[in-house]
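A.B. asks: Quick note, my numbering runs 526 ahead of the 1-based positions in the sequence shown. Heads up, the beta-carbon is just placed ideally off N, CA and C, and yes, glycines get one too. Right, I'll just put the structure down here and ask away after.
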Amino acid sequence: MAEKGTQTLEMARKQVDLVAKYFDVDPGILERLKSTKRELTVHFPVKMDDGSVRVFTGYRVQHNDTRGPFKGGIRYHPEVDLDEVRALAMWMTWKSAVVNIPFGGAKGGVQCNPKELSQGELERLTRRFTWEISIAIGPEVDIPAPDVYTNPQVMAWIMDTYSTFKGYAVPGVVTGKPLELGGSVGRYEATGKGVVISTLKACEYLNIPIEGARVVIQGCGNVGSIAAQYFDKAGAKVIAISDSKGGLYNEKGLDIRAALDCKKRYACLLQEEVSGTEVITNKELLELDCDILVPAALEGVITEENAPRIKAKILVEGANGPTTPEADEILAEKGIFVVPDILANAGGVVVSYFEWVQNLQELLWSEEEVATRLENILKRSFDEVVAIHEEKKVTMRMAAYILGVGRVLKAHLLRGIYP
Ligand code: GLU
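Dropping the structure here:
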């Protein structure tokens, strides 16, 4: 069986094949859409706290910049590999196009376990990686952002390293920065908040009341932890949440604040810290009886193996690529409404775009301005995808692909091929 990263790339390429029949497209152009434009692999040394030197491997993959500069996060994870980053870069291209922001798609990753690194090691790793990929990034070329296990502090180091190298401050080289360094208000919570905005739209469309709706969330990071709070605020009942080690479940609804406090304090979810909960595995969590299921961790968790047992009415993809195409078919047969990743989790890159625009113009927008613009873009995009879903009688994923890939194709045709 192929490695997980390779399977992820196969899945991303298959999604493009599936949408191809809706376009009259030259097979060469299709191949171009399925391939990346530039790929940088770097091996670099980092001085560890014990005095030893360790060599790490990192990637920056640029999939497509037909509609604008490359854009996408950097993830730190022990299992990151080139194929996974290629797939994630491709998804960024479609995501930017679905929400119609003028960016292409890219992704980066460093193969490491950030949980085992000290702050000093993490900083040195980030700075050296930034230096290694500095030939490929820049505010007009390719703009990184946070992803799995990276955060505003990591973005601050990227901004500082790149700026030091240039000799002047370049805040627009990266988004998701701390507010003090040109970060945008609302960026930190944007992905999780966007997931909830999309869910509310789905509930409205399907006539499912959000009040009391039972929500299950896989993941407690940049996306899951924020989404949990917004679901709670919206009157939904978060009945389960997990991190990479496992989850907590209470059919009457979890004390979200206690769960997130515990995660913050102990870096894990402890049953004794959240009253009335049962411990469950990530596998069990996905199969819980609920109204809304939000996978908000890694790709490939809903497969043909467990899809028949998914009981949610709505599946909202906070993670990138959580559902395989085989699982998609099963979910469609079961009548589960899927809000696909390239729509559901686009709030992050939308506010990244706002951050970049503010940096380039040296402006600071208000919280209200960011919130209103985010909501407008996500709601409009949801409506556009639903319109295609109804008109062409296709799944929401296919509709989002028709919209996103269609916009990229149109841009390709307008630009033509050089020379
Ligand atoms: N890593 C996030 C994503 O997968 C955000 C990317 C960005 O803001 O550029 O969408």
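Whose CA, out of I659, G712 and V680, lies closest to the CA of L900?
C.D. replies: In the sequence shown, residue 900 corresponds to position 374, counting from 1. Considering only alpha carbons, the answer is G712.
A.B. asks: Is P672 near the ligand GLU - that is, is its Cβ less than 7 Å away from at least one heavy atom of it?
C.D. replies: Residue numbering aside, residue 672 sits at position 146 when the sequence shown is read from its first letter. P672: yes, Cβ under 7 Å from the ligand GLU.
A.B. asks: In three-state DSSP terms, what is K573?
C.D. replies: Translated into the one-based positions of the sequence shown, residue 573 becomes position 47. It is a strand residue.
A.B. asks: Taking 7 Å as the limit between beta carbons, can you name the residues of its chain near T619, skipping five residues before and five after?
C.D. replies: Position 93 of the sequence shown holds residue 619. Counting only Cβ-Cβ distances below 7 Å, and skipping sequence neighbours, we find H589, N590, G630, G631 and V934.
A.B. asks: Counting along the chain, where does the alpha helix (DSSP H) carrying I868 start and finish?
C.D. replies: Translated into the one-based positions of the sequence shown, residue 868 becomes position 342. Where I868 is concerned, the enclosing alpha helix (DSSP H) stretches over D867 to A870.
A.B. asks: Within 10 angstroms of the Cβ of P571, are there 16 or more other Cβ atoms? Answer buried if so, exposed if not.
C.D. replies: Counted from its first residue, the sequence shown places residue 571 at position 45. Per the 10 Å Cβ criterion, exposed.
A.B. asks: DSSP puts H603 in a beta bridge; with which residues?
C.D. replies: Position 77 of the sequence shown, counted from the first residue, corresponds to residue 603. Note: H603 sits in a beta bridge opposite Q637.
A.B. asks: May I ask you to report which of helix, strand or coil DSSP gives V749?
C.D. replies: As a first step, residue 749 must be located in the sequence shown, where it is residue number 223. If DSSP states are grouped into helix, strand and coil, V749 belongs with coil.
A.B. asks: In the structure shown, what three-state DSSP assignment does P672 receive?
C.D. replies: Within the sequence shown, numbered from 1, the residue matching residue 672 stands at position 146. Strand, per DSSP.
A.B. asks: Where does the unbroken alpha helix (DSSP H) through Q533 begin, and where does it stop?
C.D. replies: Here residue 533 refers to the residue found at position 7 when the sequence shown is read from its first residue. K530 to A546 is the extent of the alpha helix (DSSP H) around Q533.
A.B. asks: Give the C-beta separation of I928 and V551 to the nearest angstrom, bearing in mind that I take them to be a contact with Cβ-Cβ under 8 Å.
C.D. replies: Working through the sequence shown from its first residue, we reach residue 928 at position 402. Working through the sequence shown from its first residue, we reach residue 551 at position 25. Contact doesn't hold; Cβ gap of about 12 Å is too wide.
A.B. asks: E715: buried (16+ other C-beta within 10 angstroms of its C-beta) or exposed?
C.D. replies: Reading the sequence shown from its first residue, position 189 is the one you call residue 715. So E715 counts as buried.
A.B. asks: With DSSP as the reference, identify every bridge partner of K860, one or two as the case may be.
C.D. replies: Within the sequence shown, numbered from 1, the residue matching residue 860 stands at position 334. Its beta-bridge partners do not exist; DSSP assigns none.
A.B. asks: Is it the case that the segment 599-611 contacts the segment 886-897, given that we only count it when at least three CB pairs across the two stretches are under 8 Å?
C.D. replies: Contact fails: fewer than three Cβ-Cβ distances are below 8 Å.
A.B. asks: Which term fits G793, buried or exposed, when burial requires 16 or more other beta carbons within 10 angstroms of its beta carbon?
C.D. replies: The residue labelled residue 793 in the question sits at position 267 within the sequence shown. At residue 793 the sequence reads Ala, which differs from the Gly that was named. With fewer than 16 other Cβ atoms within 10 Å, it is exposed.
A.B. asks: Checking 8 Å against the spacing of the C-beta atoms, do G844 and A822 come in under that value?
C.D. replies: Residue mapping note: residue 844 aligns to position 318 of the sequence shown, counting from 1. Residue mapping note: residue 822 aligns to position 296 of the sequence shown, counting from 1. Result yes, Cβ atoms of G844 and A822 sit closer than 8 Å.
A.B. asks: I'd like to know whether the C-beta atoms of M616 and T850 end up nearer to each other than 8 Å.
C.D. replies: As a first step, residue 616 must be located in the sequence shown, where it is residue number 90. As a first step, residue 850 must be located in the sequence shown, where it is residue number 324. Not in contact: M616 and T850 (Cβ atoms no closer than 8 Å).
A.B. asks: Pull up the DSSP beta-bridge partners for T567, would you.
C.D. replies: As a working mapping, residue 567 is identified with position 41 in the sequence shown. Y585, per the DSSP bridge assignment.
A.B. asks: How far does the alpha helix (DSSP H) with A613 in it reach, from first residue to last?
C.D. replies: On the sequence shown, position 87 is the one that residue 613 refers to. Looking at the DSSP string, the run of the alpha helix (DSSP H) that includes A613 is L608 to V624.
A.B. asks: Taking all protein chains shown into account, decide if T921 is buried (16 or more other Cβ within 10 angstroms of its Cβ) or exposed.
C.D. replies: In the sequence shown, residue 921 corresponds to position 395, counting from 1. It counts as buried.
A.B. asks: Less than 8 Å between the beta carbons of A623 and R586, yes or no?
C.D. replies: The sequence position of residue 623 within the sequence shown is 97, counting from 1. The sequence position of residue 586 within the sequence shown is 60, counting from 1. Result no, Cβ atoms of A623 and R586 do not sit closer than 8 Å.
A.B. asks: Check whether the Cβ of S710 lies closer than 7 Å to any heavy atom of the ligand GLU, and answer yes or no.
C.D. replies: Locating residue 710 in the sequence shown gives position 184, where the first residue counts as 1. Because no heavy atom of the ligand GLU lies under 7 Å away, the Cβ of S710 does not count as near it: no.
A.B. asks: Between I828, G874 and R835, which lies nearest to A853 when the distance is taken from Cα to Cα?
C.D. replies: Looking up residue 853 in the sequence shown gives position 327. Checked all of I828, G874 and R835; the closest Cα to A853 is I828.
A.B. asks: In the DSSP assignment, what are the bridge partners of R740?
C.D. replies: Within the sequence shown, residue 740 is the residue found at index 214, counting from 1. K763, per the DSSP bridge assignment.
A.B. asks: Going by alpha carbons, who is nearest to G750 out of E810, L824, G761 and A728?
C.D. replies: Counting from 1 along the sequence shown, the entry for residue 750 is found at position 224. Cα-wise, what sits closest to G750 is L824.
A.B. asks: What are the boundary residues of the alpha helix (DSSP H) that includes I684?
C.D. replies: Translated into positions along the sequence shown, residue 684 becomes position 158. Start and end: P678 to K692.
A.B. asks: Just checking N902 against the ligand GLU - is the residue's beta carbon closer than 7 Å to any of the ligand's heavy atoms?
C.D. replies: If you number the sequence shown from 1, residue 902 lands on position 376. No, the beta carbon of N902 sits no closer than 7 Å to any heavy atom of the ligand GLU.
A.B. asks: For V579, which beta-bridge partners are listed by DSSP?
C.D. replies: Translated into positions along the sequence shown, residue 579 becomes position 53. Per DSSP, K573.
A.B. asks: Three or more beta-carbon pairs under 8 Å between the segment 802-816 and the segment 764-774, yes or no?
C.D. replies: With the cut-off at 8 Å, the segment 802-816 and the segment 764-774 touch.
A.B. asks: Using a Cβ-Cβ cutoff of less than 6 Å, which residues in the same chain neighbour S768 once the five nearest sequence positions on both sides are dropped?
C.D. replies: Taking the first residue of the sequence shown as 1, we reach residue 768 at position 242. Around S768: Q744, N808 and L811.
A.B. asks: Could you check the C-alpha separation between Q541 and S578 for me, to the nearest Å?
C.D. replies: In the sequence shown, the residue the question calls residue 541 occupies position 15. In the sequence shown, the residue the question calls residue 578 occupies position 52. Those two C-alpha atoms are separated by around 44 Å.
A.B. asks: With H, G and I counted as helix, E and B as strand and the rest as coil, what does DSSP make of S768?
C.D. replies: Taking the sequence shown and counting its residues from 1, the one referred to as residue 768 is at position 242. In this structure, S768 counts as strand in the three-state DSSP scheme.
A.B. asks: Along the chain, where does the alpha helix (DSSP H) containing V876 start, and where does it finish?
C.D. replies: One-based indexing of the sequence shown puts residue 876 at position 350. G873 to Q887 is the span of the alpha helix (DSSP H), which, as asked, contains V876.
A.B. asks: Is the segment 857-876 touching the segment 719-739 in the sense that three or more CB pairs, one from each, lie closer than 8 Å?
C.D. replies: Yes: the two stretches touch, three or more of their Cβ pairs being nearer than 8 Å.
A.B. asks: On the DSSP letters alone, give me the boundaries of the alpha helix (DSSP H) that L487 sits inside.
C.D. replies: In this structure the chain extends from 527 to 945, so residue 487 is not present and cannot be described.
A.B. asks: State the Cα-Cα distance for the pair G816 and A785, rounded to the nearest angstrom.
C.D. replies: The residue labelled residue 816 in the question sits at position 290 within the sequence shown. The residue labelled residue 785 in the question sits at position 259 within the sequence shown. Residue identity check: residue 816 is Cys in the sequence provided, not Gly. Those two C-alpha atoms are separated by around 19 Å.
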